[in-house]
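K.L.:
Mind looking over this structure? Questions follow.
Residue numbers (the numbering used here), protein chains in the order written: chain A, 1 to 185; chain B, 1001 to 1185.
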């Protein structure tokens, strides 16, 4: 399935309406800077970014379902694989790799070679605890919730904090809705 | 020159690193929503958006100069035409039309068929005075300032306010630097 999803992701990326990545990076930078002004504690900034991402995820899923061409997902694992291979590719240009699935298939790590929102970012020392791209965790949580999976989602490794990779850990909390039955043919 | 700039704009857009437009729209929406929380008066929100855009313009000009392939500009008019035809196209996907140049060539209107940041936006009544895409005015001001032209830049027509078009009026205030002489060959 994975190879197939990669192709679908490439196609979804190719046909989506696109703008220059730099403009997103800088607009996102302005958003983080505003939150840094508004909230003192790094934890609060992380939380706000995650909440904003959650709202974005709840809306962006519509565009995804309408335009990605991704196949219907039957379970949590398929949904997360599709999110990583098609969703990340379609919206950020870069697919995420999935690794370290637990045996129960309820937890997984999304690994990104580069974090598209973080280009040229360096964090001043007092913001060492800031997960700059934490919006992405919220986007994943918000969009998975809209397709029936309540998850927790947090950076496990963060290159801006000196880690060697960018990794988001996704943990299933609850299956909210049974998936509707597959279409009759 | 205009036809040529359109081609250059198309090429600059084609080769730039791109991401999905929807993600920018939603991220920008989160930014505006945060400012709405932070500032009561619509005027202040407009001003903050413009300031943020100004900072973005001062940085995005580097990418523009490095990658747009646009020819060297010899005067204000050429710089604004290049901004409209190449810059808007490269960063927002949509070129702006220039119209109503004054005889002295110090004022012009940038007209956009669609305002890329405003997709699906409707303003609640109490924000009727909000120039939602006011960041763009700042971006134009910031980037023109980096190439030697201090300008004022404001929405003259705003489709979100019920106008039939999106138009930004650009007025030259001061030529800051004489342009350096053209390269010797």
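Beta carbons are placed, not taken as given, at the ideal position from N, Cα and C, and that holds for glycine.
On a predicted model such as this, the values are computed, not experimentally measured, just so you know.
Would you call the CB atoms of residue 1089/B and residue 1012/B closer than 8 Å?
P.N.:
Within the second chain, the letter at position 89 stands for residue 1089/B. Within the second chain, the letter at position 12 stands for residue 1012/B. Their beta carbons are under 8 Å apart, which means residue 1089/B touches residue 1012/B by this criterion.
K.L.:
Residues of chain E with CB under 9 Å from residue 1093/B, in chain order?
P.N.:
The chain labelled as chain E is not found among the protein chains of the depicted structure, namely A and B.
K.L.:
Within a Cβ cutoff of 7 Å, which residues of the same chain sit near residue 1130/B, ignoring the five residues on either side of it in sequence?
P.N.:
Position 130 of the second chain, counted from the start, is the residue given in the question as residue 1130/B. Cβ neighbours of residue 1130/B beyond the five flanking positions: 1042, 1045, 1046 and 1123.
K.L.:
With a CB to CB cut of under 7 Å and the five nearest residues on each side skipped, what residues in its chain are close to residue 115/A?
P.N.:
What you label residue 115/A is simply residue 115 of the first chain in a count that begins at 1. Contacts found: 133, 159 and 166.
K.L.:
Report the rounded CA-to-CA distance for residue 1008/B versus residue 119/A, giving the unit in angstroms.
P.N.:
Numbered from its first residue, the second chain carries residue 1008/B at position 8. Numbered from its first residue, the first chain carries residue 119/A at position 119. Roughly 26 Å separates the two Cα atoms.
K.L.:
Please identify, using Cβ separations under 8 Å, the residues of the stretch 50-66 of chain A that lie next to chain B, in order along the chain.
P.N.:
Those residues of the stretch 50-66 of chain A that come within reach of chain B (Cβ to Cβ, closer than 8 Å) are 52, 55, 56, 59, 60 and 63.
K.L.:
Can you give me the C-alpha to C-alpha distance between residue 75/A and residue 5/A, rounded to a whole angstrom?
P.N.:
Here residue 75/A is taken as the residue at index 75 of the first chain, counted from 1. Here residue 5/A is taken as the residue at index 5 of the first chain, counted from 1. Using only the alpha carbons, I get a separation of about 15 Å.
K.L.:
Measure the alpha-carbon distance for residue 138/A versus residue 151/A and round it to whole angstroms.
P.N.:
For this step, residue 138/A is matched to residue 138 along the first chain. For this step, residue 151/A is matched to residue 151 along the first chain. Those two C-alpha atoms are separated by around 10 Å.
K.L.:
Given residue 1086/B, which residues of its chain have a CB within under 7 Å of its CB, disregarding the five upstream and five downstream residues?
P.N.:
Here the question's residue 1086/B lines up with position 86 in the second chain. So the qualifying residues of the chain are 1005, 1008, 1009, 1012, 1068 and 1070.
K.L.:
For a contact defined as C-beta to C-beta under 8 Å, what are the partners of residue 1024/B on chain A?
P.N.:
The residue labelled residue 1024/B in the question sits at position 24 within the second chain. Within 8 Å Cβ-Cβ: 19, 23, 24 and 27.
K.L.:
Given this structure, state the Cα-to-Cα distance separating residue 1054/B from residue 1019/B, to the nearest angstrom.
P.N.:
Residue 1054/B sits at position 54 when you count from the first residue of the second chain. Residue 1019/B sits at position 19 when you count from the first residue of the second chain. Going from the Cα of residue 1054/B to the Cα of residue 1019/B covers about 22 Å.
K.L.:
How about residue 124/A: is its C-beta nearer than 8 Å to some C-beta of chain B?
P.N.:
Mapped onto the first chain, residue 124/A falls at position 124. Chain B, which has no Cβ nearer than 8 Å to the Cβ of residue 124/A, makes this no.
K.L.:
Can you confirm whether residue 1128/B, when its beta carbon is compared against all beta carbons of chain A, has any partner nearer than 8 Å?
P.N.:
Taking the first residue of the second chain as position 1, residue 1128/B is located at position 128. Closer than 8 Å: no.
K.L.:
Runs of 3 residues minimum, wholly inside the stretch 117-182 of chain A: which ones carry the beta strand (DSSP E) assignment?
P.N.:
Counting whole runs of 3 or more residues, the stretch 117-182 of chain A contains the beta strand (DSSP E) stretches 149-157 and 166-175.
K.L.:
Suppose contacts are defined by Cβ-Cβ distances below 8 Å. Is residue 173/A in contact with residue 136/A by that definition?
P.N.:
Taking the first chain and counting its residues from 1, the one referred to as residue 173/A is at position 173. Taking the first chain and counting its residues from 1, the one referred to as residue 136/A is at position 136. It is not a contact, given that the beta carbons lie outside the stated cut-off.
K.L.:
Please report the straight-line C-alpha distance between residue 1149/B and residue 1177/B, rounded to a whole angstrom.
P.N.:
Position 149 of the second chain, counted from the start, is the residue given in the question as residue 1149/B. Position 177 of the second chain, counted from the start, is the residue given in the question as residue 1177/B. Going by the C-alpha atoms only, they are around 8 Å apart.
K.L.:
For residue 94/A, which residues of its own chain have a beta-carbon under 8 Å away from its beta-carbon, when the five flanking residues on both sides are left out?
P.N.:
Within the first chain, numbered from 1, the residue matching residue 94/A stands at position 94. Correct list, in chain order: 88, 112, 113, 114 and 116.
K.L.:
Which residues in the same chain have their Cβ closer than 6 Å to the Cβ of residue 1003/B, if we skip the five residues on either side of it in sequence?
P.N.:
Numbered from its first residue, the second chain carries residue 1003/B at position 3. The answer is none, since no qualifying residue turns up.
K.L.:
What in chain B is Cβ-close to residue 90/A, meaning under 7 Å?
P.N.:
As a working mapping, residue 90/A is identified with position 90 in the first chain. Within 7 Å Cβ-Cβ: 1020.
K.L.:
Quick check: the Cα distance between residue 219/A and residue 1059/B, rounded to an integer number of angstroms?
P.N.:
Given a span of 1 to 185 for chain A in the structure shown, any question on residue 219/A remains unanswerable.
K.L.:
What are the start and end residues of each continuous beta strand (DSSP E) run of 3 or more residues lying completely inside the stretch 1009-1081 of chain B, in chain order?
P.N.:
List check, beta strand (DSSP E) in window: 1018-1020.
K.L.:
Determine the burial state of residue 66/A: buried for a count of at least 16 other Cβ atoms within 10 Å of its Cβ, exposed for fewer.
P.N.:
Translated into the one-based positions of the first chain, residue 66/A becomes position 66. By the 10 Å Cβ count, residue 66/A comes out exposed.
K.L.:
Using a Cβ-Cβ distance under 8 Å, would residue 30/A count as near chain B?
P.N.:
If you number the first chain from 1, residue 30/A lands on position 30. Yes - at least one Cβ of chain B is within 8 Å of the one on residue 30/A.
K.L.:
Could you check where the beta strand (DSSP E) with residue 105/A kicks off and where it finishes?
P.N.:
For the purposes of this step, residue 105/A is taken as residue 105 along the first chain, with counting starting at 1. Careful: residue 105/A lies outside any beta strand (DSSP E) and carries neither H nor E.
K.L.:
Tell me the DSSP bridge mates of residue 1098/B?
P.N.:
Taking the second chain and counting its residues from 1, the one referred to as residue 1098/B is at position 98. Answer by DSSP bridge pairing, in chain order: 1110/B.
K.L.:
Let me know the secondary structure DSSP gives residue 1218/B once reduced to three states.
P.N.:
Residue coverage of chain B in this structure runs from 1001 to 1185, which leaves residue 1218/B outside it and unanswerable.
K.L.:
Closer than 8 Å, CB to CB, is residue 38/A near chain B or not?
P.N.:
Sequence index remark: in the first chain, residue 38/A carries index 38 (1-based). True, the Cβ-Cβ gap to chain B drops below 8 Å.
K.L.:
Using a Cβ-Cβ distance cut-off of 8 Å, determine whether residue 1071/B contacts chain A.
P.N.:
The residue labelled residue 1071/B in the question sits at position 71 within the second chain. Output row for residue 1071/B: interface = no.
K.L.:
How big is the Cα-Cα spacing for residue 80/A and residue 1147/B?
P.N.:
As a first step, residue 80/A is located in the first chain; it is residue number 80 there, counting from the start. As a first step, residue 1147/B is located in the second chain; it is residue number 147 there, counting from the start. Taking the straight line joining both Cα atoms gives about 46 Å.
K.L.:
Classify residue 15/A as buried or exposed, calling it buried when 16 or more other Cβ atoms lie within 10 Å of its own Cβ.
P.N.:
Along the first chain, read from residue 1 onward, the residue named residue 15/A stands at position 15. Exposed, because fewer than 16 other Cβ atoms sit within 10 Å of the Cβ of residue 15/A.
K.L.:
Given a threshold of 16 other Cβ atoms within 10 Å of its Cβ, counted over all protein chains shown, does residue 1171/B qualify as buried or as exposed?
P.N.:
Position 171 of the second chain, counted from the first residue, corresponds to residue 1171/B. So residue 1171/B counts as exposed.
K.L.:
Out of 97/A, 121/A and 102/A, state which residue places its alpha-carbon closest to the alpha-carbon of residue 110/A.
P.N.:
The residue you call residue 110/A lines up with position 110 of the first chain. Closest option to residue 110/A, Cα to Cα, is 97/A.
K.L.:
Have a look at residue 51/A and residue 153/A and give me their C-alpha separation to the nearest angstrom.
P.N.:
On the first chain, residue 51/A is found 51 positions in, with the first residue counted as 1. On the first chain, residue 153/A is found 153 positions in, with the first residue counted as 1. So the alpha carbons of these two residues sit roughly 12 Å apart.
K.L.:
Since residue 35/A meets chain B, which of its residues come closer than 9 Å, beta carbon to beta carbon?
P.N.:
Position 35 of the first chain holds residue 35/A. The contacting residues are 1034.
K.L.:
When the distance is taken between beta carbons, is residue 1057/B closer than 8 Å to residue 1143/B?
P.N.:
Translated into positions along the second chain, residue 1143/B becomes position 143. Translated into positions along the second chain, residue 1057/B becomes position 57. Yes, these two residues count as a Cβ contact at 8 Å.
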